[in-house]
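**Student:** Chains Y and U are the protein sequences, given in the same order.
Heads up, the first sequence is in numbering that gives the first Met the number 0, so the first residue is 0 and it goes up one at a time.
Heads up, the second sequence is in numbering that gives the first Met the number 0, so the first residue is 0 and it goes up one at a time.
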Amino acid sequence: MGNGTPIGRVRGLGTAHEGAHHWMQQRFTAIGNLVLMSYLVVSFALLGDFGHASVLKWLTSPIAATAIILLVISVFWHARLGLQVLVEDYMVDAGTKFGLTALLNLAFIGGGAFAIFSVVSIAFGGKA
Amino acid sequence: MSQRDQQNPARPLSPHLQIWRWGPHMLVSILHRATGDGMALVGLPLLVWWLGAIASGPEAYATFQSVMGSPLGMLVLVGVSWAFFQHMTSGLRHFVLDIGAGYELDINRMWSVAAPIIGILLTAAFWAAVLLK
Ligand code: HEM
Ligand code: HEM
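1) Determine the direct distance from the alpha carbon of LEU105(Y) to that of LEU91(U), and round the result to whole angstroms.
2) Please classify THR65(Y): is it buried, with 16 or more other beta-carbons within 10 angstroms of its beta-carbon, or exposed?
3) How would you write the range of the alpha helix (DSSP H) that SER111(U) sits in, first residue to last?
4) State yes or no: is the C-beta of TYR39(U) nearer than 7 Å to some heavy atom of ligand 1?
5) If you draw a straight line from the alpha carbon of GLU58(U) to that of HIS51(Y), how long is it in whole angstroms?
6) So, for ALA127(Y): in the same chain, excluding its five sequence neighbours on each side, which residues have a beta-carbon less than 8 Å away from its beta-carbon?
7) Would you decide whether VAL91(Y) is buried or exposed? Buried here means 16 or more other CB atoms lie within 10 Å of its CB.
8) Any beta carbon of chain U sitting closer than 8 Å to that of LEU105(Y)?
9) Say the cut is 7 Å; is the CB of GLY90(U) nearer than that to a heavy atom of ligand 1?
10) Ignore the nearest five residues each way along the sequence and tell me which others in THR28(Y)'s own chain have a CB closer than 6 Å to its CB.
11) Thinking C-alpha only, which one of HIS93(U), ALA54(U), ILE18(U), THR34(U) is nearest ALA122(Y)?
12) May I ask which residues mark the beginning and end of the alpha helix (DSSP H) holding SER69(U)?
13) Could you check whether the Cβ of LEU35(Y) sits closer than 8 Å to any Cβ belonging to chain U?
14) Does the distance between the C-beta of ALA29(Y) and the nearest non-hydrogen atom of ligand 1 fall short of 7 Å?
15) With 8 Å set as the bound, which would you pick, yes or no: does the beta-carbon of GLN2(U) sit closer than that to a beta-carbon of chain Y?
16) Anyone know if the C-beta pair for GLY118(U) and PHE94(U) falls short of 8 Å?
17) ALA59(Y) by DSSP, collapsed to three states: which one?
18) Would SER117(Y) and LEU45(U) be called neighbours here (beta carbons separated by less than 8 Å)?
19) Using 8 Å as the threshold, is the segment 63–80 of chain U in touch with the segment 93–112 of chain U, meaning 3 or more CB pairs across them?
20) Tell me the rounded alpha-carbon separation between TRP81(U) and ALA39(U).
21) Less than 8 Å between the C-beta atoms of LEU46(Y) and SER53(Y), yes or no?
22) Applying the 10 Å Cβ sphere with the 16-neighbour rule, what's the burial state of LYS132(U)?
23) Report the residue from ARG10(Y), SER60(Y), LEU85(Y) whose alpha carbon sits nearest the alpha carbon of ARG32(U).
24) Check each candidate in GLN17(U), VAL27(U), TRP19(U), PHE125(U) and name the one with the smallest Cα separation from SER111(U).
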């Protein structure tokens, strides 16, 4: 906390105690989401057939596989930041906040790793 | 103990959501949060399951398809897709507001009304494209 100037006295007092970096990350990943989710939505619309053979064929193409891996990174990061804000805003107790943030990290890193591994194994022809 | 309590217990709390008068700006604001959190909590587990099922082979994928192809599953999918398009239009509105534009009362109101309508239209167009293909 600061030296008694008006801005110094309020800096860091928000629910998160900091923010500009988080805010920028949310925007950068939002731009990534916009591009990559548009790719996914258009792919879905063009796919038509959602059977295993059809989605497998789509996801083994290098462009689709790369796009979906990037999508997982961008969207998971963005959603992880978004849920953190939710926890910061509505959870008053510091211990609960800490516990939920830890849980968020585990869930997102775990889910993201599994999703990326799945795409890689599909692209490398794991189980056709 | 909350930050507020530690600093100054006499600081007042503001009235929250249920006390505010409903209007288009407030609606898009809270919809952005609700759809973002909804996608994070429901959409992402579905995405992970979908990718995992494709990777695990035809049998696992058939389970995914039978669950998500059921009426309830389709309802969830339509819901997640609507959440995406709604979040996208209100997110694009965020970008405009972030650069400092669009705060004039009538223009701000106009886009608050337009965002949910465009979101619904895009959802309908998306499903039309998927189902008619
Ligand atoms: C078109 C793509 C997207 C755009 C343009 C976008 C844009 C944004 C922006 C600008 C914010 C910050 C809002 C604020 O600071 O108040 C935000 C928040 C958020 N987004 Fe996204 N987003 C997109 C896709 C997604 C996806 C796919 C997910 C989830 C899977 C998601 C989940 C969230 C969450 C949970 C928040 C926090 C909401 C809150 O608590 O205020 N977003 N989004
Ligand atoms: C009906 C009116 C309201 C709506 C629709 C609403 C909606 C939202 C949303 C969507 C966010 C997160 C995204 C953003 O920052 O833009 C937010 C943040 C927040 N809201 Fe509200 N809210 C309302 C009223 C209130 C009231 C009355 C309070 C005071 C108790 C409040 C306190 C906060 C705080 C502290 C944040 C976090 C700001 C930050 O750290 O960035 N909100 N609100």
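In this text, a Cβ means the ideal position worked out from N, Cα and C, and glycines have one as well.
**Tutor:** In this structure, then:
1) Rounded to whole angstroms, LEU91(U) and LEU105(Y) show a C-alpha spacing of 30 Å.
2) Counting every other CB atom within 10 Å of its CB across the protein chains shown gives THR65(Y) a total below 16, marking it as exposed.
3) From DSSP, the alpha helix (DSSP H) with SER111(U) extends over 104–131.
4) Correcting the residue identity first, residue 39(U) is Ala in this sequence and not Tyr. Yes, the Cβ of ALA39(U) comes within 7 Å of a heavy atom of ligand 1.
5) Within the model, the alpha-carbon separation for GLU58(U) versus HIS51(Y) is close to 9 Å.
6) Any reading at ALA127(Y) must be qualified, since the residue scores a pLDDT of 48, below 50, and its modelled position is unreliable; the value itself is stated next. Leaving aside the five residues that flank ALA127(Y) on each side, the residues in its chain whose CB is nearer than 8 Å to its CB run, in chain order, LEU55.
7) The residue is exposed, with fewer than 16 neighbouring Cβ atoms inside 10 Å.
8) Not closer than 8 Å to any Cβ of chain U, the Cβ of LEU105(Y) fails to qualify, so no.
9) Yes, since a heavy atom of ligand 1 falls inside the 7 Å radius drawn around the Cβ of GLY90(U).
10) Once the five neighbours on either side are set aside, the close Cβ partners of THR28(Y) are SER73, TRP76, HIS77.
11) Residue ALA54(U) is the option with its Cα nearest to ALA122(Y).
12) That residue, SER69(U), is in no alpha helix (DSSP H); it is neither H nor E in DSSP.
13) LEU35(Y) is outside the set of residues whose beta carbon lies under 8 Å from a beta carbon in chain U.
14) ALA29(Y) Cβ: within cutoff of ligand 1.
15) Since pLDDT at GLN2(U) reaches only 49, below the 50 mark, its modelled position is unreliable, and the value read off the structure follows with that caveat. It does: the Cβ of GLN2(U) has a partner Cβ on chain Y nearer than 8 Å.
16) No.
17) According to the sequence displayed, residue 59(Y) carries Thr and not Ala. Reduced to three states, the DSSP call for THR59(Y) is coil.
18) For SER117(Y) and LEU45(U), no; Cβs fall outside 8 Å.
19) Taking a cut-off of 8 Å for Cβ pairs, the segment 63–80 of chain U and the segment 93–112 of chain U do not touch, as fewer than three such pairs fall below it.
20) The alpha-carbon atoms of TRP81(U) and ALA39(U) are separated by roughly 14 Å.
21) Going by beta carbons, LEU46(Y) and SER53(Y) fall inside the 8 Å limit.
22) Under this definition LYS132(U) is an exposed residue.
23) If we check each option's Cα against that of ARG32(U), LEU85(Y) comes out closest.
24) Checking every option, the nearest Cα to that of SER111(U) belongs to VAL27(U).
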